[in-house]
Amino acid sequence: MSNAFTNAWGWSVRRSPLMMLWRSFRGLLHPNKDAFALLDAATLPEPVDGVIRTTIARTRLWRDERAQVARELIAHAQDAIDAGRDPKQVAETFGDPRRVARLLRRSMKRKRPLSWQLYRFSRRAVGVMFLVLFVVYIAVVVRFYTSEPDIKVDYAAMLNDRYAHYPEDQLSWPVIMETSLEWSKAAHVLESQQEQRIHSLPEEQQYEHMTGISLFPQVPSDHPDYQPIARAVRDMAPQLAQLRDAAARPALGFPIGYEVTETEWNGRKFTSGIIPATENDFKNRSLMEVRLAHLGPIRQLSNVLIFDARLAIDEGDSARATQNYIAILGLARQARSEPFMISELVGIAIHMSAIREIERQVRDHPGLLNRTRLIELAHIHAEAMKERAYDFDLEQLMFEDLLQRVYSDDGQGDGRLTPEGLEHMGLIMGDTADLGESYVTDAINMDARIRAATRPLTRVFSASRAEESALYNSVMETASRVTERGPEWIAIMDEQELIDAKLQSEGNPIRFSFAGMMTPALGSAIDTLFKYRQYCDAFSLMLGIESYRLEHGRLPDDLDQLSPKYVPQLPQDLMAPGSVIRYLSDQESSGYLLYSVGSDGNDDGGRLISDESRSRFSREEQSFRVRYRQAYDRSTHEPLFEPSGRPVIAEPQGPDADWILIDTRPESDDPQAP
Amino acid sequence: MKLERELMRGAGPTAVLKLLSRRAMYGYELVEALAEQSDGVLAMGQSTLYPMLYNLESKGLIEADWRDADNGRQRKYYALTGKGKSKLKADEKAWTKLAQALGDMGVVKGAPA
Numbered sequence: 002m003s004n005a006f007t008n009a010w011g012w013s014v015r016r017s018p019l020m021m022l023w024r025s026f027r028g029l030l031h032p033n034k035d036a037f038a039l040l041d042a043a044t045l046p047e048p049v050d051g052v053i054r055t056t057i058a059r060t061r062l063w064r065d066e067r068a069q070v071a072r073e074l075i076a077h078a079q080d081a082i083d084a085g086r087d088p089k090q091v092a093e094t095f096g097d098p099r100r101v102a103r104l105l106r107r108s109m110k111r112k113r114p115l116s117w118q119l120y121r122f123s124r125r126a127v128g129v130m131f132l133v134l135f136v137v138y139i140a141v142v143v144r145f146y147t148s149e150p151d152i153k154v155d156y157a158a159m160l161n162d163r164y165a166h167y168p169e170d171q172l173s174w175p176v177i178m179e180t181s182l183e184w185s186k187a188a189h190v191l192e193s194q195q196e197q198r199i200h201s202l203p204e205e206q207q208y209e210h211m212t213g214i215s216l217f218p219q220v221p222s223d224h225p226d227y228q229p230i231a232r233a234v235r236d237m238a239p240q241l242a243q244l245r246d247a248a249a250r251p252a253l254g255f256p257i258g259y260e261v262t263e264t265e266w267n268g269r270k271f272t273s274g275i276i277p278a279t280e281n282d283f284k285n286r287s288l289m290e291v292r293l294a295h296l297g298p299i300r301q302l303s304n305v306l307i308f309d310a311r312l313a314i315d316e317g318d319s320a321r322a323t324q325n326y327i328a329i330l331g332l333a334r335q336a337r338s339e340p341f342m343i344s345e346l347v348g349i350a351i352h353m354s355a356i357r358e359i360e361r362q363v364r365d366h367p368g369l370l371n372r373t374r375l376i377e378l379a380h381i382h383a384e385a386m387k388e389r390a391y392d393f394d395l396e397q398l399m400f401e402d403l404l405q406r407v408y409s410d411d412g413q414g415d416g417r418l419t420p421e422g423l424e425h426m427g428l429i430m431g432d433t434a435d436l437g438e439s440y441v442t443d444a445i446n447m448d449a450r451i452r453a454a455t456r457p458l459t460r461v462f463s464a465s466r467a468e469e470s471a472l473y474n475s476v477m478e479t480a481s482r483v484t485e486r487g488p489e490w491i492a493i494m495d496e497q498e499l500i501d502a503k504l505q506s507e508g509n510p511i512r513f514s515f516a517g518m519m520t521p522a523l524g525s526a527i528d529t530l531f532k533y534r535q536y537c538d539a540f541s542l543m544l545g546i547e548s549y550r551l552e553h554g555r556l557p558d559d560l561d562q563l564s565p566k567y568v569p570q571l572p573q574d575l576m577a578p579g580s581v582i583r584y585l586s587d588q589e590s591s592g593y594l595l596y597s598v599g600s601d602g603n604d605d606g607g608r609l610i611s612d613e614s615r616s617r618f619s620r621e622e623q624s625f626r627v628r629y630r631q632a633y634d635r636s637t638h639e640p641l642f643e644p645s646g647r648p649v650i651a652e653p654q655g656p657d658a659d660w661i662l663i664d665t666r667p668e669s670d671d672p673q674a675p
Numbered sequence: 010m011k012l013e014r015e016l017m018r019g020a021g022p023t024a025v026l027k028l029l030s031r032r033a034m035y036g037y038e039l040v041e042a043l044a045e046q047s048d049g050v051l052a053m054g055q056s057t058l059y060p061m062l063y064n065l066e067s068k069g070l071i072e073a074d075w076r077d078a079d080n081g082r083q084r085k086y087y088a089l090t091g092k093g094k095s096k097l098k099a100d101e102k103a104w105t106k107l108a109q110a111l112g113d114m115g116v117v118k119g120a121p122a
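Here is the structure:
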């Protein structure tokens, strides 16, 4: 019993993991010890002993394997000697120790346990994988650093051709530029004078007063700077007359160029024009670098026209005020007719500012607009509204232009990212140093050699030129579809989701998409477009109401009285499919309210949202993206679509208020009063 | 006459399996038997034999155990396993067919028809 226990205990100790580890360690230190001990004990003749020792030492086997082989070779040699063989001959027939050791090593390894075989296989597999990866990496590096873009298409020239068929006197740009320069000079003088006035105030009052020019055109008539500004605007009368004519022209016609000309006057430089792009400019400059120098002057001059309209109303000259409004709508139309999306957005903003201003003046001066003026305004407003959808052509041209600068060209419309293209992208994204230290990660500030080694991998992790073009165009096509079909489709307009969904549907493992980076915020722009349409429709309705009031001496009781004589068709409330814009009249105050039910989809009787501090365009009650949120499957979290492809709309959850479109009622102290 | 290495690689294991099919044998005995019974054609030194034996062992065709010899020392005896017997049968058939085909072509004189 005691012996059995001792034996079992001994067996356990000998085979314990600790002892096995010790034996492995010992084997590493003295691998030949056991084999050589056997040879010592065998006392073989010198030549045989020597050749076996050399062979055993060269096998590089485990310690116990060497002992096994030695034991067998010793037995073999002893048998040969016992059989009468000469030891010298035995040693000679043994063969080359190096070759024998190699053969023994290979065959003994085949006898090793399965776990070791698996380990050896996985080690070799990893080795082969790294080798393959290295070869692929070298191929990618070579292809990356030998590729370059081929800039062939001059998109700037294509754009400049858009005005080729217009005579010069049909383009407004030269007048706009000249008038803007004149007003900039006048504003510069006013600014200097008004800043001096502020500085002359006691120090504690300086920050309580703003200059009139900084408030322009919303300068209160009792502001100390009002009169000097009014004089300056009146002095602009000849230029403004020219501007009104120019605003009626069919097109803007500003040239595509990368540099502006400047005029120095009174110690300051003023933009005075654009240098048209030359034949070879496009090789070095992308369409994104084109100077949209028309946007500032158009906005600036529309403000001057608004201010001048107020002066005209004060002077009892409603004809001049109306001409100014018509000119602003003309400028808005010209800005919108430019194919740049930013230009369209500026055109929308200018059109909206005119609507706001006319709404305000109609409220403060009922009967301001006679029938002729109303017809003129309705006509020009309808003209400006003709372009009801965005034109995405230039956005697509811009993207194609970028692709030809960033990607190589295989002649079939495809290509890959190039080193030059990556540099170009860096310029587009801006220098990371400009973002400030806290935004610059270590990864971006990596060693130049590591950066050079890793940059080619962008070729692997990015889409091809054709794929990027298809991705971008698919987003643009979706955007066009949404603008054509109406706000109920806006739920599908999430640019990044569209790109991600397309990449996923194609099983594409791409992590980096140039199209994803360069796609403008279309969802937001389309939301703005629908808001603009709704405001324009309400403004048409307002002009109809004003016409009715002129003819009948009172406001209509309901909108049905307007159609079809004053308004051909009552405009729809885009927040409530199937119903028209709401109308509330107050015969006593001669004011009225035009409103939409807002993003909650409920008619709250024209109730405003309580928070007045937010601007109209950022309000949730006006957001079509809030109103037409897509419904999702609760179990799969997948967006739901009707069989026609139309998104299923979730229950509206907008704020409990209406969206006020036009309000000519006298200003109330209670902003929530209907 | 000695066989070329490629021929030996094919014929050697079959010859070893055949010898072991009769009885268990130790290394030196196998070397002697191969040389003697093949008129030196299949003679191989220990540098070829032992790696070959280890390979056959790793494939499970033979098994080995140390036994006491008459002279008081120990020898490692190799014996055929069940798997080894099956392999030998298959090899014998293959070699017979090969010899037959070579005989038909006149490469091997006096091969069984």
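Top line first, the protein sequences correspond to chains A and B. Just so we're aligned, residue 2 is where the first sequence starts under my numbering, counting upward by one. Just so we're aligned, residue 10 is where the second sequence starts under my numbering, counting upward by one. No residue lacks a Cβ here, since even glycine has one placed at the ideal position from N, Cα and C.
is_contact[residue i, chain A] using C-beta, thresh 8 Å
| i | result |
| --- | --- |
| B:Arg32 | no |
| B:Gln83 | yes |
| B:Gly112 | no |
| B:Ser67 | yes |
| B:Tyr63 | yes |
Proximity to residue i [Cα-Cα], best of the options
| i | options | result |
| --- | --- | --- |
| A:Phe679 | A:Asp495, A:Pro569, A:Ile139, A:Leu74 | Residue 679 of chain A lies beyond the residue range present for chain A, which begins at 2 and ends at 675; the question has no answer from this structure. |
| A:Ala464 | A:Arg311, A:Arg417, A:Arg357, A:Leu428 | A:Arg417 |
| A:Met178 | A:Thr147, A:Arg107, A:Ser303, A:Ile491 | A:Ser303 |
| B:Trp16 | B:Gly115, B:Asp113, B:Leu107 | Reading off the sequence shown, one finds Leu at residue 16 of chain B, where the question assumed Trp. Closest option to B:Leu16, Cα to Cα, is B:Leu107. |
| A:Glu149 | A:His553, A:Gln405, A:Asp501, A:Ile359 | A:Gln405 |
| A:Thr272 | A:Gln324, A:Pro367, A:His295 | A:His295 |
| A:Gly554 | A:Ser181, A:Ala84, A:Ser201, A:Asn371 | A:Asn371 |
| A:Gln654 | A:Asp634, A:Asn8, A:Ser600 | A:Ser600 |
| A:Leu293 | A:Phe255, A:Arg59, A:Ile230 | A:Phe255 |
| B:Glu66 | A:Arg54, A:Val291, A:Ala9, A:Pro114 | A:Pro114 |
| A:Ala248 | A:His200, A:Ile327, A:Met237, A:Gln197 | A:Ile327 |
| A:Glu358 | A:Pro340, A:Leu306, A:Val476, A:Gly607 | A:Leu306 |
| B:Val40 | B:Arg31, B:Leu58, B:Arg32, B:Leu29 | B:Leu58 |
Beta carbon proximity, residue i to chain B, threshold 8 Å
| i | result |
| --- | --- |
| A:Lys89 | no |
| A:Ala76 | yes |
| A:Ser108 | yes |
| A:Val137 | no |
| A:Lys112 | yes |
| A:Val101 | yes |
| A:Leu104 | yes |
| A:Met2 | Any reading at A:Met2 needs caution, since the residue's pLDDT is 47, under 50, leaving its predicted position unreliable; the model's value is listed next. For A:Met2, the answer is no, since every Cβ of chain B falls outside 8 Å of its Cβ. |
Counted within 10 angstroms of its Cβ, other Cβ atoms place residue i as buried (16 or more) or exposed
| i | result |
| --- | --- |
| B:Gln55 | buried |
| A:Gly414 | exposed |
| A:Asp223 | exposed |
| A:Ser17 | exposed |
| A:Phe1 | The displayed coordinates of chain A run from 2 to 675. Any statement about residue 1 of chain A would go beyond what the structure contains. |
| A:Gly274 | buried |
| A:Lys532 | buried |
| A:Lys270 | exposed |
| A:Glu204 | exposed |
Contacts of residue i in chain B (Cβ-Cβ under 9 Å)
| i | result |
| --- | --- |
| A:Phe95 | Gly54, Gln55, Ser56 |
Where residue i meets chain A, residues with beta-carbon distance less than 7 Å
| i | result |
| --- | --- |
| B:Tyr37 | His77, Asp80, Ala81 |
Where residue i meets chain B, residues with beta-carbon distance less than 8 Å
| i | result |
| --- | --- |
| A:Glu73 | Gly36, Tyr59, Lys85 |
Interface partners of residue i on chain B, CB under 7 Å
| i | result |
| --- | --- |
| A:Leu45 | Going along chain B, no residue has its Cβ under 7 Å from A:Leu45, so there is no contact; the nearest lies around 12 Å. |
Interface flag, residue i vs chain D, CB-CB below 8 Å
| i | result |
| --- | --- |
| A:Arg635 | In the structure shown, chain D does not exist; the protein chains are A and B. |
Are there three or more Cβ pairs, one per stretch, closer than 8 Å when the region 549-559 of chain A is compared with the region 626-645 of chain A? no
Meets three-Cβ-pair contact criterion under 8 Å: the region 143-154 of chain A and the region 98-109 of chain B: no
Does the pairing of the region 533-550 of chain A with the region 378-388 of chain A give three or more beta-carbon distances under 8 Å? yes
Please confirm if the region 88-105 of chain A is in contact with the region 122-130 of chain A, defined as three or more CB-CB distances below 8 Å between the two stretches. no
Would the region 624-639 of chain A and the region 651-667 of chain A be scored as touching if the rule is three or more Cβ pairs under 8 Å? yes
The region 330-342 of chain A / the region 360-374 of chain A touching (three or more Cβ pairs under 8 Å): no
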